[in-house]
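Scroll down for the structure; my scribbles are underneath it.
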Amino acid sequence: MKPGITRRELEVTDRNEIIRILDTCKIVHVAMVDDGMPYLVPLNYGYTLEDDQLVLYMHGGLQGRKIDVMRKNPNVFFEMNCEVEPFDGKVACQYGTSYSSIMGSGTVEILDDVEAKKEGLSLFMKSQTGRDFEFTDKMVSAVNVMKITVDAFTAKHRPDPMAREKK
Ligand SMILES: Cc1cc2nc3c(=O)[nH]c(=O)nc-3n(C[C@H](O)[C@H](O)[C@H](O)COP(=O)(O)OP(=O)(O)OC[C@H]3O[C@@H](n4cnc5c(N)ncnc54)[C@H](O)[C@@H]3O)c2cc1C
Numbered sequence: 051m052k053p054g055i056t057r058r059e060l061e062v063t064d065r066n067e068i069i070r071i072l073d074t075c076k077i078v079h080v081a082m083v084d085d086g087m088p089y090l091v092p093l094n095y096g097y098t099l100e101d102d103q104l105v106l107y108m109h110g111g112l113q114g115r116k117i118d119v120m121r122k123n124p125n126v127f128f129e130m131n132c133e134v135e136p137f138d139g140k141v142a143c144q145y146g147t148s149y150s151s152i153m154g155s156g157t158v159e160i161l162d163d164v165e166a167k168k169e170g171l172s173l174f175m176k177s178q179t180g181r182d183f184e185f186t187d188k189m190v191s192a193v194n195v196m197k198i199t200v201d202a203f204t205a206k207h208r209p210d211p212m213a214r215e216k217k
């Protein structure tokens, strides 16, 4: 089920806006559950958005806590944010931060198949750099590639309330 956003007026539903946020953020915070306790890592990511299906690709070392936790429990929650700009006001409660963000839940897989890893790394590099790269089997064997199949996500944009006056 799609989670609801409390401040509905800030929700982003336009596909092109969602793609702009996905292209801009570059870093995703992936939250996991490690034996009942929360664990979170920031990671760079690539993505595909086909119809409404969002898939994220990350890469990292062959060992470490996140890989151990993901293997034990593949349920994850993620958050990415960008276009973060503080704004001020006359009184304390008028201060704030404008931002764009996406959050959602999904299931993570550590990819084993070499061709699937190459595809994930290509998508990762395309999102990060805008360029196409090719990968050898040796390059692929040095990293883990993580794939999050997202089951629900929401996007939000909080504009600077004074932006129009500043122009
Ligand atoms: C902006 C940004 C982008 C990053 N991009 C990537 C990426 O694309 N791929 C990637 O693999 N890693 C990336 N990292 C590093 C990532 O956040 C983790 O540090 C790394 O993936 C190792 O995770 P692990 O669970 O295997 O760490 P382990 O070394 O196994 O963790 C052991 C302990 O070290 C501590 N620790 C782990 N990571 C951090 C950290 N970042 N800061 C402080 N303490 C920490 C925690 O207490 C953790 O319990 C990025 C970090 C930042 C800040």
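Position one of the sequence shown corresponds to residue 51 (our numbering), numbered consecutively onward.
Backbone N, C-alpha and C define an ideal beta-carbon position, used for all residues, glycine too.
These figures come from a predicted structure and were not determined experimentally.
Check for me: the beta strand (DSSP E) holding residue i runs from which residue to which?
| i | result |
| --- | --- |
| ARG65 | Here ARG65 belongs to no beta strand (DSSP E); instead the alpha helix (DSSP H) covers 65-75. |
| MET196 | 194-208 |
| VAL119 | It is not in any beta strand (DSSP E) - VAL119 instead sits in the alpha helix (DSSP H) that spans 115-122. |
| GLN103 | 103-110 |
Between which residues of its own chain and residue i is the CB-CB distance below 7 Å, once the five residues before and five after are set aside?
| i | result |
| --- | --- |
| ASP84 | VAL119 |
| ASP187 | VAL164 |
| ILE55 | GLU61, THR204, LYS206 |
| MET189 | none |
For the alpha helix (DSSP H) containing residue i, name the first residue and the last one.
| i | result |
| --- | --- |
| LEU173 | 164-179 |
From the DSSP output, which residues share a beta bridge with residue i?
| i | result |
| --- | --- |
| TYR89 | MET82 |
| PHE185 | Note: PHE185 sits in no beta bridge, so no partner. |
| THR157 | ASN125, THR199 |
| SER151 | ASN131, LYS206 |
| THR98 | VAL105 |
Once the 5 residues before and after residue i are set aside, which same chain residues still bring their CB inside 8 Å of it?
| i | result |
| --- | --- |
| ASN123 | MET82, VAL83, ASP84 |
| ILE69 | LEU99 |
| LEU90 | HIS79, VAL80, ALA81, MET82 |
Does residue i pass the burial test, meaning 16 or more other C-beta atoms within 10 Å, or should it be called exposed?
| i | result |
| --- | --- |
| SER191 | exposed |
| ASN194 | buried |
| LYS197 | buried |
| PHE183 | exposed |
| CYS75 | buried |
Which same chain residues end up closer than 6 Å to residue i when comparing Cβ atoms and leaving out the 5 residues on each side of it in sequence?
| i | result |
| --- | --- |
| ALA166 | none |
Just how far apart, CA to CA, sit residue i and residue j?
| i | j | result |
| --- | --- | --- |
| GLY156 | THR199 | 5 Å |
| THR179 | LYS168 | 16 Å |
| PHE174 | PRO209 | 28 Å |
| LYS116 | TYR97 | 19 Å |
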